[in-house]
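Down below is the structure, laid out as structure tokens.
Numbering (our numbering), first residue to last: 125 to 625.
Okay, here's the thing in structure tokens:
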């Protein structure tokens with residue numbers, strides 16, 4: 125596919141141009157193509173393969189984020205009550221993704237669901253009496269929701285040994301641990317899924333995919349179209365491509381491209397790059413004793429994306445265990461980016477935001493410095509909090525993906541860090557961009573539906589509505605408030621995605 129696509133020459137004009145060849149652009153292109161097959165759509169990817177950055181399997185945790193195990197989505201309020209509203213929202217969003225993928229399988233646009241999604245229990249694990257009590261209260265609250273029915277809770281060592289034998293090995297009987305377990309959890313290979321969608325789009329549709337093509341600049345024309353300066357990196361050739369609508373789904377590079385558009389909505393945005401590393405093992409004896417994704421509490425001053433977890437991963441049919449992530453720092457905005465990305469992103473429009481966010485997050489800076497300075501032996505000590513007898517020779521360090529945390533202007537603080545994902549759209553809906561890192565790929569369909577709702581409202585409400593309900597049967601309804609619909613949707617996606625919980 126790489127050779128064929130790299131020989132193409134872009135047309136001068138498209139209805140829709142998508143910048144970046146990751147899960148977001150592939151999802152948006154597929155949705156728009158289904159809604160209107162006549163749309164002339166182009167996807168431009170700067171590297172030689174789709175999903176080479178944040179969507180690549182080893183560049184993210186592969187967790188189908190549904191808030192089953194991520195403790196930072198459920199906050200304990202001052203009165204002691206647990207707020208599960210964010211968890212419910214994220215669980216709803218992942219259910220939308222599963223419906224969309226099921227539709228693609230039903231239509232035979234893609235095949236073999238087990239190549240990109242597999243059942244994998246999601247667990248939360250905490251240590252000590254205080255956190256065990258928090259987890260108990262969290263469990264009590266969560267099972268009142270349709271979305272978390274079936275979640276199990278235990279502090280019993282025998283039960284925990286059955287659930288997580290690798291972690292429970294060599295534990296003292298008097299150690300206080302608590303865990304929840306949700307069998308509906310999944311492990312997702314977003315890289316494979318993206319390339320499957322890319323394969324469908326590039327065969328007999330009006331969607332064209334161009335590899336080794338990098339967008340360098342965006343200019344709004346007097347007629348309302350966008351002039352995109354596009355560089356063919358393979359042949360060192362630059363041309364101008366025009367489009368009625370532009371989506372920037374370029375990971376860390378979305379920020380400078382959004383800035384180049386000069387839309388008012390981009391003012392004040394900055395970015396702080398954070399890289400990561402995993403400890404990974406392929407040792408069969410270890411893998412045989414761990415069959416879940418196990419998340420725990422984040423350490424003090426750690427960003428939410430650095431919550432420690434020990435995960436089963438299934439990539440290209442091969443199982444591995446992954447522990448981390450350990451935070452790193454690079455001035456690059458992408459793994460295959462430039463060390464000048466961060467300094468070149470600073471300008472008069474965002475310098476106050478950047479300084480304000482830095483000043484009010486000094487503990488986070490100190491945390492990152494400590495993480496970057498860690499040796500492999502020090503990282504192994506953190507792993508041994510999970511796996512008591514972990515041996516250094518069984519685990520290797522693997523570089524994870526590069527993320528850019530959003531910094532937004534704030535009247536009081538100058539700027540503040542945002543840890544979610546955000547869709548930025550100009551006032552007339554001709555350009556949209558996705559910024560941020562988590563929960564990211566898992567909620568890609570919900571995020572791209574936000575783009576469509578904001579940029580194509582009239583088409584969505586009228587000629588696209590019937591097709592939308594065919595693709596996402598639960599659209600416009602809350603599964604958390606409709607037990608029957610929640611069961612119906614989950615039974616449908618379980619069958620189509622061949623999940624075995």
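Where is the CB? At the ideal position from N, CA and C, for every residue including glycine.
Subject >> Close-in-space but distant-in-sequence residues of the same chain around residue 297 (CB under 8 Å, 5 per side omitted) >> reply: 281
**OP:** Can you tell me which of 341, 339, 340, 322 puts its alpha carbon nearest to the alpha carbon of residue 332?
**Re:** 322
Subject >> Enclosing beta strand (DSSP E) for residue 437 [first to last residue] >> reply: 433-439
Subject >> CA nearest to the CA of residue 171, picked from 587, 337, 178, 299 >> reply: 337
Original post:
In or out: residue 364 buried (at least 16 other Cβ within 10 Å) or exposed?
Top reply: exposed
Original post:
Is residue 425 helix, strand or coil by DSSP?
Top reply: Residue confidence is low: residue 425 scores 49 on pLDDT, short of 50, so the model does not pin down where it sits. No coordinate-derived value is stated.
**OP:** Look at the Cβ atom of residue 526, then the Cβ atom of residue 270, and state whether they are nearer than 9 Å.
**Re:** no
Subject >> CA-to-CA distance, residue 201 to residue 146, given in whole angstroms >> reply: 37 Å
Subject >> Top-ranked residue by Cα proximity to residue 431, from 441, 442, 623, 446 >> reply: 446
Original post:
Just to confirm, are residue 223 and residue 595 a CB contact at a threshold of 9 Å?
Top reply: yes
**OP:** Could you tell me which uninterrupted beta strand (DSSP E) segments, each at least 3 residues in length, are contained entirely in the segment 548-586, listed from first to last along the chain?
**Re:** 555-560
**OP:** In angstroms with no decimal places, state the Cα-to-Cα distance between residue 521 and residue 444.
**Re:** 13 Å
Original post:
How would you write the range of the beta strand (DSSP E) that residue 341 sits in, first residue to last?
Top reply: 337-344
**OP:** State the start and end residues of the unbroken beta strand (DSSP E) segment that holds residue 619.
**Re:** Here residue 619 belongs to no beta strand (DSSP E); instead the alpha helix (DSSP H) covers 607-620.
Original post:
To the nearest angstrom, how far is it from the Cα of residue 616 to the Cα of residue 578?
Top reply: 29 Å
Original post:
When you compare only the Cα positions, how much space is there between residue 214 and residue 197?
Top reply: 9 Å
Subject >> Exposed unless 16 or more other CB atoms sit within 10 angstroms - verdict on residue 470 >> reply: exposed
Original post:
Taking the alpha-carbon positions, what's the residue 305 to residue 149 distance?
Top reply: 33 Å
Original post:
Hey, out of 168, 501, 312, whose CA is closest to residue 416's CA?
Top reply: 312
**OP:** Using DSSP bridges, identify the partner residues of residue 596.
**Re:** BP columns for residue 596 are empty, so no partner.
Original post:
In whole angstroms, what is the alpha-carbon distance linking residue 367 and residue 266?
Top reply: 46 Å
**OP:** Could you name the residues of the same chain whose beta carbon sits closer than 7 Å to that of residue 571, not counting the 5 residues immediately before and after it, in chain order?
**Re:** 148, 545, 547, 558
**OP:** Return the residue from the list 353, 553, 290, 623 that minimises the CA-CA distance to residue 77.
**Re:** The requested residue 77 is not part of the displayed model; the chain covers only 125 to 625.
Original post:
In or out: residue 217 buried (at least 16 other Cβ within 10 Å) or exposed?
Top reply: buried
Subject >> Per DSSP, the bridge partner or partners of residue 361 >> reply: 356
Original post:
Considering residue 323, what are the terminal residues of the alpha helix (DSSP H) in which it resides?
Top reply: 314-325
Subject >> Spatial distance of residue 591 from residue 225 (CA atoms) >> reply: 15 Å
**OP:** Give the single residue among 385, 156, 167 whose Cα lies nearest to the Cα of residue 141.
**Re:** 167
Original post:
If residue 524 sits next to residue 442, beta carbons under 8 Å apart, how far is it from one beta carbon to the other, in whole angstroms?
Top reply: With a Cβ gap of about 18 Å, residue 524 and residue 442 do not count as contacting.
**OP:** Look up residue 200 in the DSSP assignment and give the residues it is bridged to.
**Re:** 206
Original post:
Near residue 163, which residues of its chain fall below 7 Å by C-beta distance, leaving aside the five closest residues on each side in sequence?
Top reply: 139, 140, 156, 157, 330
Subject >> Nearest neighbour of residue 605, chosen from 241, 623, 268, 248 [CA to CA] >> reply: 268
Original post:
Based on Cα-Cα distance, which residue from 609, 569, 144 lies nearest to residue 339?
Top reply: 144
Original post:
Taking all protein chains shown into account, do 16 or more other C-beta atoms lie within 10 angstroms of the C-beta of residue 440, making it buried, or fewer, making it exposed?
Top reply: exposed
Original post:
DSSP beta-bridge partners for residue 246?
Top reply: 306, 417
Original post:
Going by beta carbon distance, what residues of the same chain come within less than 7 Å of residue 285, once the five residues before and after it are set aside?
Top reply: 292
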